[in-house]
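S.K.: Below is one structure. I have some questions about it.
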Amino acid sequence: MTWTPPAPPELPLDAHKGTAGRVLLACGSAWMPGAAILAARAAQRAGAGLVRVGCRDPELVAIVAGAAPEAVFEMGVAVAIDSGDHHAALVGPGLGLDAVARGIVECALARADVPLVLDADALTILAREPRLAERRRGALVLTPHPGEAARLLGHEAAPDPAGRLAAARTIASRFGAVVCLKGRATVVTDGERDYVNDTGNPGMATAGAGDVLAGVLVAYLGATVTLPSPGWTAFEAAARAVWIHGRAGDLAAAELGARALIASDLVEFLPRAQRG
Numbered sequence: 008m009t010w011t012p013p014a015p016p017e018l019p020l021d022a023h024k025g026t027a028g029r030v031l032l033a034c035g036s037a038w039m040p041g042a043a044i045l046a047a048r049a050a051q052r053a054g055a056g057l058v059r060v061g062c063r064d065p066e067l068v069a070i071v072a073g074a075a076p077e078a079v080f081e082m083g084v085a086v087a088i089d090s091g092d093h094h095a096a097l098v099g100p101g102l103g104l105d106a107v108a109r110g111i112v113e114c115a116l117a118r119a120d121v122p123l124v125l126d127a128d129a130l131t132i133l134a135r136e137p138r139l140a141e142r143r144r145g146a147l148v149l150t151p152h153p154g155e156a157a158r159l160l161g162h163e164a165a166p167d168p169a170g171r172l173a174a175a176r177t178i179a180s181r182f183g184a185v186v187c188l189k190g191r192a193t194v195v196t197d198g199e200r201d202y203v204n205d206t207g208n209p210g211m212a213t214a215g216a217g218d219v220l221a222g223v224l225v226a227y228l229g230a231t232v233t234l235p236s237p238g239w240t241a242f243e244a245a246a247r248a249v250w251i252h253g254r255a256g257d258l259a260a261a262e263l264g265a266r267a268l269i270a271s272d273l274v275e276f277l278p279r280a281q282r283g
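Counting in the numbering used here, the sequence shown tops out at residue 283, every number present.
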């Protein structure tokens with residue numbers, strides 16, 4: 008019998024923004040603002056009560072605010088991370104690979120008490136300097152595509168199902184993380200429990216789709232803090248995010264056609280995907 012990852016716990020009747028979860032996104036840059044837009048909108052649609060965007064470049068504020076007006080913005084990403092006024096953080100999409108980006112990744116990994124998603128550029132930085140994760144003790148989720156997985160491993164992973172599972176488990180063990188190895192039949196593992204996703208389609212092979220997944224994931228990860236439950240850990244949050252992301256892609260492809268699908272469509276279909 009195929010396991011379907013559980014939905015996040017329901018909000019209580021007296022819920023407020025903090026109950027729904029405050030998340031911090033260190034995403035985007037002057038040359039890649041779309042990553043911040045997609046991740047922020049996805050996190051909002053996935054139920055985050057408050058999305059804060061830490062802006063490494065001032066240009067991001069005006070660009071992202073127009074597309075995600077419900078978000079709030081902070082200059083000085085490291086200061087925002089250190090403030091601790093969030094339940095989960097996402098670092099990496101569109102961030103860049105320069106010294107500023109490296110400093111942001113290092114700062115985020117040093118905050119051992121805040122659940123953290125590393126994606127995209129943050130994974131490349133981590134692959135270059137694995138020691139940055141040595142002090143990490145809190146929940147950590149890594150979301151590599153096969154190329155990023157190869158950098159984290161130091162070699163290419165075999166593309167067959169067994170090889171992908173072995174690669175994801177190795178990365179999980181090496182970094183003490185939950186790993187989502189993206190691609191067809193995305194693998195989610197914490198090194199002990201495994202989930203192979205059964206939603207999604209080739210139309211999702213489009214720029215920005217991973218940013219949407221990361222936004223959904225950080226919202227769900229925040230709920231592991233605000234709505235704690237033995238059945239709602241970082242592993243379940245990651246598996247559910249992957250399943251919902253693929254489900255949104257399937258709904259979008261059915262209505263629009265796989266060839267026409269773009270990442271923004273995934274955000275638009277998240278509400279329907281999460282209704283059941």
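C-beta atoms are modelled at their ideal positions from N, C-alpha and C, and glycine is treated no differently.
All values derive from a computational prediction rather than experimental measurement.
(1) Whose C-beta lies closer than 8 Å to the C-beta of residue 247 among residues of the same chain, with five residues either side of it excluded?
(2) Looking at the unbroken beta strand (DSSP E) that takes in residue 61, where does it start and where does it end?
(3) For the alpha helix (DSSP H) holding residue 258, just list the boundary residues, first then last.
(4) Which residues in the same chain have their Cβ closer than 7 Å to the Cβ of residue 47, if we skip the five residues on either side of it in sequence?
(5) Cα-Cα, which of 42, 258, 198, 88 is closest to residue 220?
(6) Exposed or buried, residue 89, counting other C-beta atoms within 10 Å across all chains shown (16 or more means buried)?
(7) In chain order, what residues of the same chain have a beta carbon less than 6 Å from the beta carbon of residue 242, not counting five sequence neighbours either side?
(8) Please classify residue 23: is it buried, with 16 or more other beta-carbons within 10 angstroms of its beta-carbon, or exposed?
(9) Looking at the structure shown, is residue 84 part of a helix, part of a strand, or coil, going by DSSP?
(10) On a CA-only basis, which of 156, 128, 86 is nearest residue 34? Give me that one, please.
(11) What first and last residue would you give for the beta strand (DSSP E) that runs through residue 187?
(12) Report the three-state DSSP secondary structure of residue 131 (helix, strand or coil).
(13) Under three-state DSSP, which class holds residue 201?
(14) Helix or strand or just coil, what does DSSP make of residue 71?
(15) Within 10 angstroms of its Cβ, does residue 130 collect 16 or more other Cβ (buried), or is it exposed?
(16) Sorted by chain position, which residues of the same chain lie with C-beta nearer than 7 Å to residue 104's C-beta, five sequence neighbours on each side aside?
M.R.: The answer reads as follows:
(1) 12, 13, 14, 15, 227
(2) 57-62
(3) 241-263
(4) 32, 58, 60, 71, 75, 78, 222
(5) 42
(6) exposed
(7) 185, 197, 200
(8) exposed
(9) helix
(10) 128
(11) 185-188
(12) helix
(13) strand
(14) helix
(15) buried
(16) 128, 131, 132
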